[in-house]
Amino acid sequence: MHSTLEVAAAAAQPAFLSPHPFDYVISGLTVRSEVEIPSAIASVAHRQTPQVSIRAAALPLHLENPLRTFGQVEVDDRQLLMHINRIARFLIRDGSEILFEAEDGHDPGDLTLYLLGTCFAVLLQQRGCVVLHASAVSVDGRAMLFCGQSGAGKSTLAAMLCERGFPLLNDDVCSLRPEPGGGFSVTPDGRMLKLWEPSVQHLELTDRRGPAVRGNTEKYYMAPPVADRVAQRVGGVYILEDAEPGESVSLRRLSVVDGMAELKRNSYRPSLVWAMQMEATYFRATAALQSDASLYALRRPKDFAGAGKVLEMLESHWKSSRP
Amino acid sequence: MTQQTVVSRTEGWLTAWVGQELVMMSGNNGNYISLSETGGRIWELLEEPRSVQSICEALAGEYEVSREVAGNEVFTFLDQLKQQGAVHVETPSVE
């Protein structure tokens, strides 16, 4: 069958493309990309055909027979087409390819943010994975996840825990993998932390600060001081909440029902769960996760002055709940 | 509702046991509800439409309660399920 999506060989190649591909390991998958992804930690040449290919291509304006459509996104049973104004058109298909057609004048930082964020989450979902919007660190061999919307402080908290010696597992995209004996493990996302300038200043990390995430933004990539490369079993999930002024730090165990609603809200993109008809998969996984791991609401002031108390509370909580 | 009322599930619910509770999500509005172990057992019994009487008999056989005690709790529970839009009830008219 000839698809309208067959890629024209002579697609316009953006000037920044390198003739040599870049190889990475992202969320446990081997990736070969035509475009450099500065936020990926590992860069090793793959000897075998990589599981995921990221490359430029001429892309259609629409899918032939979309099953679901919302905003600038169209989905059928094997691919998802997405248009982001002034950045690119993206096509993610079969859990193995991310194709993009960049728009003139786009910021390359934006392009890699989308490739590694939303596009990679779609690809993981196409492979049947449940993907949470969370950062994670390793505590005694168990993954502790911190969920929250963009700007909730996930990366900053992970960075602070890293500074206390807990290895980083994930900055942003937590892909859950069912374990044979029950429960789930989280695959390290192989990404650097993304930190706003005030966090960099507070943590005194200026000398380790990497490139800006995008032009004209004071948010920077930063290599974690310690990172783990192996998947780890999920031990706990913490939903970040902002405390009111004057309110102290608190940790509250969530009921199963509240936990499931929170996990659904913190799927990488709830709209993509719907568009890709994965509600039942997410429902089963978020129920099964709670048979093995506990969920908490972590309510804390977002200022740096209270950060010490948050870390103390978490560390003593982990000591007391150690098996 | 009477002992003869026939109860059936509405469509579109996803369910999963987490420990001793049965968690359910509505496919229509995405709302979650949680049932106790006994409530979850009643939901399982409702795989086929059943009369209240037959539910009570099944429970009295499985748990050490009289049909009367089971009956009172079952009425309350089914009423809650109905309010959540999880079941239809139909009471046959007495000719």
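Those sequence lines, one after another, are chains F and L. According to numbering that gives the first Met the number 0, the first sequence is numbered sequentially starting from 0. According to numbering that gives the first Met the number 0, the second sequence is numbered sequentially starting from 0. Glycine included, each C-beta is placed from N, C-alpha and C at the ideal position.
Beta-carbon proximity of residue i to residue j, cut-off 7 Å
i: serine 154 (chain F); j: aspartate 170 (chain F); result: yes
i: arginine 88 (chain F); j: glutamate 100 (chain F); result: yes
i: valine 249 (chain F); j: arginine 298 (chain F); result: Checking the sequence, you will find serine at residue 249 (chain F) rather than valine. Yes, the Cβ-Cβ distance between serine 249 (chain F) and arginine 298 (chain F) is below 7 Å.
i: tyrosine 237 (chain F); j: phenylalanine 119 (chain F); result: no
i: alanine 15 (chain L); j: arginine 283 (chain F); result: yes
i: serine 137 (chain F); j: leucine 156 (chain F); result: no
i: asparagine 265 (chain F); j: leucine 131 (chain F); result: yes
i: glycine 38 (chain L); j: asparagine 27 (chain L); result: no
i: tyrosine 220 (chain F); j: serine 38 (chain F); result: yes
i: isoleucine 32 (chain L); j: glutamine 83 (chain L); result: yes
i: lysine 301 (chain F); j: aspartate 241 (chain F); result: yes
i: aspartate 76 (chain F); j: proline 65 (chain F); result: no
i: threonine 285 (chain F); j: leucine 262 (chain F); result: yes
i: leucine 57 (chain L); j: leucine 44 (chain L); result: Inspection of the sequence shows that residue 57 (chain L) is occupied by alanine rather than by leucine. Contact: yes.
i: tyrosine 281 (chain F); j: valine 129 (chain F); result: yes
Among the options, the one whose alpha carbon lies nearest that of residue i
i: lysine 218 (chain F); options: F:Gln50, F:Leu194 and F:Thr205; result: F:Leu194
i: isoleucine 83 (chain F); options: F:Ala44, F:Val225, F:Ala230 and F:Leu60; result: F:Leu60
i: valine 212 (chain F); options: F:Ser247, F:Leu192 and F:Phe69; result: F:Leu192
i: isoleucine 36 (chain F); options: F:Ala226, F:Asp109, F:Ser134 and F:Glu314; result: F:Asp109
i: methionine 312 (chain F); options: F:Ala286, F:Gln289, F:Arg268 and F:Ser247; result: F:Ser247
i: valine 222 (chain F); options: F:Pro244, F:Val199, F:Val229 and F:Trp273; result: One point to set straight first is that residue 222 (chain F) is alanine, not valine, in the sequence displayed. The shortest Cα separation from alanine 222 (chain F) among F:Pro244, F:Val199, F:Val229 and F:Trp273 belongs to F:Val199.
i: serine 149 (chain F); options: F:Met143, F:Arg252, F:Glu162 and F:Ser134; result: F:Ser134
Element boundaries [alpha helix (DSSP H), containing residue i]
i: proline 223 (chain F); result: Looking at the DSSP string, proline 223 (chain F) is not in any alpha helix (DSSP H), and its letter there is neither H nor E.
i: proline 107 (chain F); result: 107-113
i: phenylalanine 119 (chain F); result: 119-125
i: aspartate 257 (chain F); result: 255-264
i: isoleucine 41 (chain L); result: 36-44
i: glutamate 162 (chain F); result: 153-162
i: histidine 45 (chain F); result: Premise fails: histidine 45 (chain F) is in no alpha helix (DSSP H) and is neither H nor E.
i: valine 309 (chain F); result: 306-319
i: leucine 58 (chain L); result: 51-61
i: leucine 326 (chain F); result: No statement about residue 326 (chain F) is possible, as the shown extent of chain F runs from 0 to 322 and does not include it.
Element boundaries [beta strand (DSSP E), containing residue i]
i: glutamate 73 (chain F); result: 72-74
i: serine 26 (chain F); result: First-last for serine 26 (chain F): undefined, no H or E at that position.
i: cysteine 173 (chain F); result: 172-177
i: arginine 208 (chain F); result: 208-211
i: asparagine 169 (chain F); result: 167-169
i: lysine 193 (chain F); result: 192-195
i: valine 17 (chain L); result: 12-17
Beta-carbon separation (whole angstroms), residue i vs residue j, contact threshold 8 Å
i: alanine 151 (chain F); j: leucine 28 (chain F); result: Not confirmed; about 26 Å, so no contact.
i: proline 48 (chain L); j: serine 92 (chain L); result: That pair is no contact at about 17 Å.
i: serine 174 (chain F); j: leucine 123 (chain F); result: 5 Å
i: methionine 371 (chain F); j: leucine 202 (chain F); result: Residue numbering for chain F in the displayed model covers 0 to 322; residue 371 (chain F) lies beyond these limits and cannot be assessed.
i: aspartate 188 (chain F); j: valine 233 (chain F); result: Aspartate 188 (chain F) to valine 233 (chain F), Cβ: 14 Å. No contact.
i: glutamate 73 (chain F); j: isoleucine 86 (chain F); result: Glutamate 73 (chain F) to isoleucine 86 (chain F), Cβ: 17 Å. No contact.
i: methionine 0 (chain L); j: leucine 77 (chain L); result: 7 Å
i: threonine 4 (chain L); j: valine 64 (chain L); result: About 20 Å separates the two Cβ atoms, so there is no contact after all.
Listed in chain order, which residues of the region 33-45 of chain L have Cβ atoms closer than 9 Å to some Cβ of chain F? Ser33
Between the region 280-309 of chain F and chain L, which residues of the former have a C-beta closer than 8 Å to a C-beta of the latter? Phe282, Arg283, Ala286, Ala287, Gln289 and Ser290
Listed from N- to C-terminal order along the chain, which residues in the region 6-22 of chain L have their beta-carbon within a distance smaller than 9 Å of any beta-carbon of chain F? Leu13, Thr14, Ala15, Trp16, Val17, Gly18, Glu20 and Val22
Members of the region 210-230 of chain F that neighbour chain L once the beta carbon cut-off is set at 9 Å: none
Anything in the region 136-150 of chain F with a Cβ closer than 8 Å to a Cβ of chain L? List those residues in chain order, please. none
Near-chain L residues of the region 244-256 of chain F (beta-carbon distance less than 9 Å), N- to C-terminal order: Ser254, Val255 and Val256
By the 7 Å beta-carbon criterion, what residues does the region 256-275 of chain F contribute toward chain L? Val256, Met259 and Ala260
Contact set between the region 53-66 of chain L and chain F, restricted to residues whose Cβ is under 7 Å from the partner: none
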